[in-house]
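Heads up, the thing below is written out as structure tokens.
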Amino acid sequence: MRKENFSVLMTTYNGENSDFLSASLKSILIEQTAIPGQLVLVVDGPVSDSLNDVIIRYKEQFPDIMEVVYLPENIGQSKASAAGMEYVKHAIFARMDSDDICVCDRFEREFDLLSKNEDIDVVGGWIEEFETDPDIPSDLRVVPEKHEDIVKMFRKRMPLNNMTVMMRKEALVKAGGYGRDTVNEDYSVYAHMWVNGATFYNIQDVLCRVRIGNNMVGRRQDFRIYKDWRKDQKYLVQNGKHSRLTAAFSNFRCFCFVITPKWIKKLLYKSVLRKKVKSTNKK
């Protein structure tokens, strides 16, 4: 296990399960072949004693790595991420969700790739989704490898798995950073990075195991998704990344998806938007 000069940014809040947070922190600080030089954990508002116990335990175990930022009230993941960026000290940093699990060589592979390829600003990878046991995944979210294919996917949907991403801090700052007033922040952030010259790459392998549930499908019924999607498509048209026709078709796809009944969405996720896991890359 080696320690490298990159940061990890994570947010958590009172709704998180303490066991899930513990497993996530373990996958970052104990199980990695390359551990971060800094982990910024933003605690978004007051949390339960059980959650705080986990945070304190890991902080005591890794005092030189883990930096905990307590926010007095819950302000949401977007603004919490913006607050956390004020503490990120390394030029390269990774994102991580507080209930997901990194495969053991995720950071080593991403950091080595960015270190050796100065022309790449953002690197991500695939995710395996699971319900209860991370060793029994159900579905795979595959994203394209090369920059030209990644940006084409912006026409349809999010071309990166945010919880797998490692990026150059400078590229994010150039694009306006976090804290946007949108329910589609992940998409919006990377779209703005694209407009501002960022280049992308996805490792063609699983980098994170992602816990599904928490009404994931139900949240896709929010009509604000469509309204904010239109704003991003307009931005891409204004900056020469999409044609008006491409944006109109993209908006139509999004509108249809939002108003689609939940049971059809579930079928789409299973049959179109995800791939079945044939074998698990256990690390």
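Per the numbering used here: the sequence shown = residues 398 to 680. Where is the CB? At the ideal position from N, CA and C, for every residue including glycine.
Query, Result
"One or two residues paired with W523 in a DSSP bridge", "V603"
"Top-ranked residue by Cα proximity to K423, from Y455, L448, P443 and E401", "Y455"
"Beta-bridge partners of T409, as assigned by DSSP", "V440"
"Per-residue DSSP class, three states only, for E545", "helix"
"Proximity below 7 Å, CB of L537 to CB of K672", "yes"
"Local Cβ density within 10 Å of S647, reported as buried at 16 or more and exposed below that", "buried"
"Nearest-angstrom Cα separation, counted from G522 out to P534", "16 Å"
"Inter-stretch contact at 8 Å, needing at least 3 Cβ pairs: the stretch 429-441 / the stretch 487-501", "yes"
"Limits of the alpha helix (DSSP H) - the one that L642 falls within", "R641 to I656"
"Beta-carbon proximity list for V580, same chain, < 8 Å, skipping 5 on both sides", "D619, R621, I622 and D625"
"Inter-stretch contact at 8 Å, needing at least 3 Cβ pairs: the stretch 558-570 / the stretch 591-605", "yes"
"Contact the stretch 564-574 vs the stretch 536-550: 3+ CB pairs below 8 Å", "no"
"Where S445 falls, given that 16 or more other Cβ within 10 Å makes a residue buried", "exposed"
"Supposed close pair V540, L557 - CB separation, criterion 8 Å", "6 Å"
"I427 in three-state terms, based on DSSP", "coil"
"Exposed unless 16 or more other CB atoms sit within 10 angstroms - verdict on Q635", "exposed"
"Per-residue burial, M398 [other beta carbons within 10 Å of its own, 16 or more giving buried]", "exposed"
"Beta-carbon proximity of A588 to I498, cut-off 7 Å", "no"
"Pair within 7 Å by beta-carbon distance, F504 and Q429", "yes"
"Any beta strand (DSSP E) of 3 or more consecutive residues that is wholly inside the stretch 450-495", "463-468 and 489-494"
"Counted within 10 angstroms of its Cβ, other Cβ atoms place F597 as buried (16 or more) or exposed", "buried"
"Of the listed residues T657, K566, L418 and E457, nearest to L448 (C-alpha basis)", "L418"
"Burial state of L642 (16 or more Cβ within 10 Å)", "exposed"
"Where K348 sits in the DSSP three-state scheme", "As shown, the chain starts at 398 and ends at 680. That puts residue 348 outside it, with no answer to give."
"Reduced DSSP category for Y598 - H, G, I as helix; E, B as strand; rest coil", "strand"
"Delimiting residues of the beta strand (DSSP E) encompassing R565", "M563 to R565"
"Rounded distance between the beta-carbons of S475 and T409, thought under 8 Å", "14 Å between Cβ atoms; not a contact."
"Sub-7 Å separation of V451 and S478 beta-carbons", "no"
"Pair within 7 Å by beta-carbon distance, E515 and I609", "no"
"Under the three-state DSSP convention, the category D530 falls into", "coil"
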